[in-house]
Amino acid sequence: MTVTIHDLRSWKSEGKRWAMLTAYDFPTAQILDRAGIPVLLVGDSVGRNVLGYANELPVTMEEMLHHTRAVARGVEHAMVVGDMPFMSFQASIEDGVRNAGRLVKEGGAHAIKLEGAQFDLVHRLVDIGIPVMAHVGLTPQSVYGLGGYRVQGRGEAAAKVLDQAHSLEKAGAFSIVLEAMPADLGAEIAK
0 MTVTIHDLRS
10 WKSEGKRWAM
20 LTAYDFPTAQ
30 ILDRAGIPVL
40 LVGDSVGRNV
50 LGYANELPVT
60 MEEMLHHTRA
70 VARGVEHAMV
80 VGDMPFMSFQ
90 ASIEDGVRNA
100 GRLVKEGGAH
110 AIKLEGAQFD
120 LVHRLVDIGI
130 PVMAHVGLTP
140 QSVYGLGGYR
150 VQGRGEAAAK
160 VLDQAHSLEK
170 AGAFSIVLEA
180 MPADLGAEIA
190 K
């Protein structure tokens with residue numbers, strides 16, 4: 000039986016921790032699924048780690064679909080989360096809905112992940128039945144705007160990251176990736 004967002008919420012209320020690992024291909028997905036990893040992220044980091052790009056920005060929707068399909072074919076139990084690549088959702092809610100739908104329908108993802116403060120899109124996707132994992136802190140798709148891969152949420156910026164996380168949760172995100180932020184900020188968000 001596939002892990003669901005209801006399982007993850009139940010585990011959180013029970014205080015049970017769970018792991019999420021990244022997979023880009025069929026054999027890795029099989030290994031991680033058999034090892035009992037409950038959530039596999041098909042990340043746009045495939046661009047740097049597999050496809051030879053300098054960063055995540057060149058990754059296309061077609062490349063994400065290809066890798067998401069491969070991972071989805073390799074699992075029996077793990078939830079597969081497909082990452083929305085750069086410019087697949089930022090231009091409009093319609094683009095975001097269409098591309099999230101493609102990751103689920105064509106890619107076999109059980110949920111999608113997107114970066115940043117996309118509150119309206121998260122709400123819309125959840126309304127139509129697509130579970131959303133949000134992502135705050137260091138968001139690699141904003142690498143140029145952030146001035147590189149740097150810790151986010153220090154000092155006064157912590158309040159903004161905390162507000163984004165709470166707003167994404169209110170919009171319906173079932174979980175939030177917390178990347179490259181001070182530990183105390185991460186702990187506050189995780190409460």
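Just so we're aligned: 64 in numbering that gives the first Met the number 0 is position 65 of the sequence shown, and the numbers increase by one with no gaps anywhere.
Using N, Cα and C, we set each Cβ at its ideal position, and we do this for glycine too.
To the nearest whole angstrom, what separates the beta carbons of residue i and residue j, a pair I think is in contact under 8 Å?
i, j, result
"residue 82", "residue 63", "6 Å"
"residue 85", "residue 125", "In fact, because the Cβ distance is near 22 Å, the residues do not count as touching under 8 Å."
"residue 20", "residue 7", "Wrong, their Cβ atoms sit about 15 Å apart, outside the cutoff."
"residue 140", "residue 56", "7 Å"
"residue 118", "residue 4", "Not a contact, Cβ separation roughly 18 Å."
"residue 177", "residue 157", "Not a contact, Cβ separation roughly 12 Å."
"residue 164", "residue 129", "Residue 164 to residue 129, Cβ: 20 Å. No contact."
"residue 106", "residue 67", "3 Å"
"residue 87", "residue 98", "4 Å"
"residue 151", "residue 179", "6 Å"
For the alpha helix (DSSP H) that residue i lies in, which residues bound it at each end?
i, result
"residue 94", "92-104"
"residue 155", "Segment: none, residue 155 is in no alpha helix (DSSP H) and carries neither H nor E."
"residue 12", "4-13"
"residue 143", "142-145"
"residue 24", "Per DSSP, residue 24 belongs to no alpha helix (DSSP H) and is neither H nor E."
"residue 88", "It is not in any alpha helix (DSSP H) - residue 88 carries neither H nor E in the DSSP assignment."
If you run the structure through DSSP and keep just helix, strand and coil, what is residue i?
i, result
"residue 113", "coil"
"residue 134", "strand"
"residue 188", "helix"
"residue 181", "coil"
"residue 16", "coil"
"residue 149", "coil"
"residue 108", "coil"
For the beta strand (DSSP E) that contains residue i, what are its first and last residues?
i, result
"residue 21", "19-21"
"residue 175", "174-178"
At least three beta-carbon pairs within less than 8 Å, the region 103-113 to the region 131-138: Verdict: yes, contact present.
Would you check if there are 3 or more beta carbon pairs closer than 8 Å linking the region 142-150 to the region 97-106? no
Given 8 Å, three or more beta-carbon pairs between the region 71-81 and the region 47-57: no
Suppose only complete runs of 4+ residues qualify. What are the alpha helix (DSSP H) ranges in the region 28-86, listed by chain order? For the alpha helix (DSSP H) assignment, the uninterrupted runs of no fewer than 4 residues enclosed by the region 28-86 are, from N- to C-terminal side, 45-48, 60-72.
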